[in-house]
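**Student:**
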Amino acid sequence: MPGKVILENIRNVGRLEFEIPDRGVWLLTAGNGGGKSSLLACLRRLGYRQAFPVHFPTSQRSERLDNFDNARITYEINDDSVTYSYSGIRWAPIPKKNSQIFSRFGYSDVVYIGATADRISPRPGDFDTGRVQRAAPYVVQNANRIFDTDRYSLLRSVNLTRGGWNRAYVMAHDDNPRTYHSENHFSMGELCVLNLLQQINECRNNSLLLIDELELAIHPKAQRNLLEYLIEEAQRKGLTVIFSTHSVTLLKAARRRSIILLNRVGDNVEPMYGCFPALALGYLADTEERIADSFIYVEDEAAAYAVEPLVKLAIREKYDRMEAFPTVSIVPIGPFSAVMRFMRGSAAMLPDHVMQHALLDEDVQTETLGRWQRSGNAVRLAEFEQIRRRTSFLPWVPEVLVCRQMYIGADFYQAELRRELMSARVGINRGSFGFVDQLHGSDLRAEAKRAYDDFVTHLMTVSGKTEPEVKALLFKVVAEKAFSDEPGTYNALLVPMI
Numbered sequence: 024m025p026g027k028v029i030l031e032n033i034r035n036v037g038r039l040e041f042e043i044p045d046r047g048v049w050l051l052t053a054g055n056g057g058g059k060s061s062l063l064a065c066l067r068r069l070g071y072r073q074a075f076p077v078h079f080p081t082s083q084r085s086e087r088l089d090n091f092d093n094a095r096i097t098y099e100i101n102d103d104s105v106t107y108s109y110s111g112i113r114w115a116p117i118p119k120k121n122s123q124i125f126s127r128f129g130y131s132d133v134v135y136i137g138a139t140a141d142r143i144s145p146r147p148g149d150f151d152t153g154r155v156q157r158a159a160p161y162v163v164q165n166a167n168r169i170f171d172t173d174r175y176s177l178l179r180s181v182n183l184t185r186g187g188w189n190r191a192y193v194m195a196h197d198d199n200p201r202t203y204h205s206e207n208h209f210s211m212g213e214l215c216v217l218n219l220l221q222q223i224n225e226c227r228n229n230s231l232l233l234i235d236e237l238e239l240a241i242h243p244k245a246q247r248n249l250l251e252y253l254i255e256e257a258q259r260k261g262l263t264v265i266f267s268t269h270s271v272t273l274l275k276a277a278r279r280r281s282i283i284l285l286n287r288v289g290d291n292v293e294p295m296y297g298c299f300p301a302l303a304l305g306y307l308a309d310t311e312e313r314i315a316d317s318f319i320y321v322e323d324e325a326a327a328y329a330v331e332p333l334v335k336l337a338i339r340e341k342y343d344r345m346e347a348f349p350t351v352s353i354v355p356i357g358p359f360s361a362v363m364r365f366m367r368g369s370a371a372m373l374p375d376h377v378m379q380h381a382l383l384d385e386d387v388q389t390e391t392l393g394r395w396q397r398s399g400n401a402v403r404l405a406e407f408e409q410i411r412r413r414t415s416f417l418p419w420v421p422e423v424l425v426c427r428q429m430y431i432g433a434d435f436y437q438a439e440l441r442r443e444l445m446s447a448r449v450g451i452n453r454g455s456f457g458f459v460d461q462l463h464g465s466d467l468r469a470e471a472k473r474a475y476d477d478f479v480t481h482l483m484t485v486s487g488k489t490e491p492e493v494k495a496l497l498f499k500v501v502a503e504k505a506f507s508d509e510p511g512t513y514n515a516l517l518v519p520m521i
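Listed below in structure tokens is the structure:
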């Protein structure tokens with residue numbers, strides 16, 4: 024990581040420790056009051072000396088209003104650090120000699136781009152022939168791309184006769200290119216994107232771009248195009264782009280590794296890097312997505328594929344009418360430690376009537392918790408105790424379940440998978456899964472994950488289906504057989520969650 028910034032007692036954030044990600048495009052999301060804007064303001068200080076006065080203004084009328092007396096902002100890079108605190112007059116660095124630390128973060132420029140509807144209307148005198156010219160080809164080309172149009176080919180720029188910002192955009196008329204629309208006729212989304220394109224065109228390679236909810240006035244299709252454009256430009260120019268967003272469209276379009284969720288735990292905020300999109304969307308459920316009746320948090324994608332068909336079967340057992348079926352969302356979060364962190368802060372995320380449970384893999388109960396108890400890890404055990412009543416355990420690790428079932432029921436599963444995948448080329452070599460009777464613990468899990476991946480690849484090859492389709496069908500067959508063999512076990516596990 025290139026460096027770190029630590030916020031303490033800033034607005035409603037008790038503490039937020041943020042490791043600045045490397046080059047690329049990163050989507051920063053959180054619930055309202057999660058600290059996104061405050062974090063961007065602190066990151067802006069890496070290249071803009073007035074960032075604190077601009078983003079953290081204090082009251083001129085009362086010392087008791089908008090007071091930052093207990094606030095601290097610390098920057099760390101290569102074992103050096105500087106802390107800024109508010110002295111009542113200004114933000115002062117401690118130690119002062121480290122106030123030049125920002126140059127060591129390595130950014131050529133630090134550019135902050137927010138959603139703004141500020142418009143510039145040229146005066147008549149600005150329409151001297153020498154001042155109206157075609158807009159930069161870079162801006163025209165990428166505006167057309169993002170908005171999926173060719174209308175920005177008529178975009179012109181005007182060098183103004185006044186002001187520090189000496190450029191305005193106008194749009195030439197189709198029928199009379201000597202007449203123009205000023206920025207007063209542009210939408211907020213158009214102005215935001217044109218400003219963004221201009222800034223990226225002019226910034227140097229290896230810059231840091233901070234984008235604050237720019238997508239608010241942009242159509243979902245244009246949002247997806249914007250994300251693709253940013254990814255390409257970040258790669259081309261070596262940019263680090265941190266994009267604060269509430270957009271469901273962007274989070275669904277992004278790769279998991281690029282999502283950073285600011286997860287509130289009490290007064291503190293803990294970043295979750297590489298957050299699953301479904302988890303990030305859970306934070307937005309009450310505003311942009313239909314709220315589920317129950318959320319079941321699992322560790323990873325494999326667990327989600329395995330649990331979904333089991334939950335459907337348990338719902339059918341419990342409810343006799345489809346109209347009474349609850350909506351259940353199964354959300355992969357990450358390793359056990361990430362589940363614990365999330366569960367500790369998730370109670371306030373959704374309304375009280377929404378049930379929330381963690382459903383963890385078997386090895387967490389049989390190995391991880393036992394190891395903590397034997398070593399006397401009181402801190403970890405205390406963290407688990409906070410979520411224990413809302414936590415249950417699967418009787419297996421998903422990949423181990425698949426491999427064990429392929430070993431003990433090869434003929435049955437071969438026939439079922441041939442039917443589900445509509446391919447007679449599905450074959451199960453029972454011997455490939457013989458390790459399930461020979462290995463234990465972490466060795467078993469590691470070998471099972473390797474064999475599971477190989478088996479999924481085989482099924483994709485012989486069926487022509489995509490990886491998600493194959494995994495969903497594979498776990499559907501395995502889960503339905505497991506449920507039919509032990510309905511009491513799975514009903515006892517899942518019915519309390521639905």
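Quick note: the sequence shown uses this note's numbering, first residue 24, plus one each step.
Yeah, the Cβ is synthetic: ideal placement off N, Cα and C, and Gly gets one too.
All figures in this text were calculated on a predicted structure; none of them were measured in a lab.
#1: Which of the three DSSP states is assigned to I117 in this structure?
#2: Return the CA-CA distance between A502 and N514, expressed in angstroms with no decimal places.
#3: Classify W395 as helix, strand or coil using the three-state DSSP reduction.
#4: Among the residues of its own chain, which have a CB less than 8 Å from the CB of A159, if the five just before and after it don't count?
#5: Do G357 and F299 have their C-beta atoms within less than 8 Å of each other?
#6: Give the DSSP bridge partners of H380, in chain order.
#7: To the nearest whole angstrom, what separates the beta carbons of R127 and N101, a pair I think is in contact under 8 Å?
#8: If you reduce the DSSP assignment to three classes, tell me which class A401 lands in.
#9: Rounded to a whole number of angstroms, what is the C-alpha to C-alpha distance between V109 and S122?
#10: Please state whether the Cβ-Cβ distance between D323 and C226 is less than 8 Å.
#11: What residue from E390, Y107 and L382 has the CA that sits closest to I410's CA?
#12: Excluding sequence positions up to five away, which residues of its chain have a Cβ less than 7 Å from the Cβ of R87?
#13: Are V6 and P355 closer than 8 Å when you measure CB to CB?
#14: Measure from the alpha carbon of L69 to the alpha carbon of each residue in T172, S104 and N248, then state which is nearest.
#15: Just checking: is the beta-carbon of L237 within a distance shorter than 8 Å of some beta-carbon in chain B?
#16: Using the beta-carbon count (16 or more within 10 Å), is T272 buried or exposed?
#17: Just how far apart, CA to CA, sit W114 and F91?
#18: DSSP has F299 in a bridge; who is on the other side?
#19: With C-beta atoms as the reference, is E353 less than 8 Å away from E385?
#20: Can you tell me which of the three DSSP states D235 falls into?
#21: Identify the continuous beta strand (DSSP E) that holds M429 and give its terminal residues.
#22: Which same chain residues, not among the five before or five after T106, have their C-beta less than 6 Å away from its C-beta?
#23: Let's test the definition: count the other Cβ atoms within 10 Å of the Cβ of E443 and tell me whether it reaches 16, buried, or not, exposed.
#24: DSSP beta-bridge partners for I112?
#25: Can you name the start and end residues of the beta strand (DSSP E) that F41 belongs to?
#26: Anyone know if the C-beta pair for L51 and I265 falls short of 8 Å?
#27: Between the beta-carbon of L177 and the beta-carbon of A195, is there less than 8 Å?
#28: Looking at D45: is its Cβ nearer than 8 Å to the Cβ of P76?
#29: To the nearest angstrom, report how far apart Y342 and D316 are at their CA atoms.
#30: Nearest to K275 by alpha carbon, out of I234, E251 and T263?
**Tutor:** Once the coordinates are examined:
#1: strand
#2: 13 Å
#3: helix
#4: S180, Q221 and N224
#5: yes
#6: I319
#7: 7 Å
#8: helix
#9: For the record, residue 109 in the displayed sequence is Tyr; it is not Val. Distance between the alpha carbons of Y109 and S122 is about 15 Å.
#10: no
#11: L382
#12: Residue confidence is low: R87 scores 48 on pLDDT, short of 50, so the model does not pin down where it sits. No coordinate-derived value is stated.
#13: With the chain covering 24 to 521 only, the question about residue 6 has no answer from this structure.
#14: S104
#15: In the structure shown, chain B cannot be found, because there is only a single protein chain.
#16: buried
#17: 9 Å
#18: Note: F299 sits in no beta bridge, so no partner.
#19: Here residue 353 turns out to be Ile, not Glu, going by the sequence shown. No, Cβ-Cβ distance for I353 and E385 is not below 8 Å.
#20: strand
#21: Segment P421 to I431 is the alpha helix (DSSP H) holding M429; no beta strand (DSSP E) there.
#22: R95, T97 and I117
#23: buried
#24: I112 is not bridged to any residue.
#25: V36 to I43
#26: yes
#27: yes
#28: no
#29: 14 Å
#30: E251
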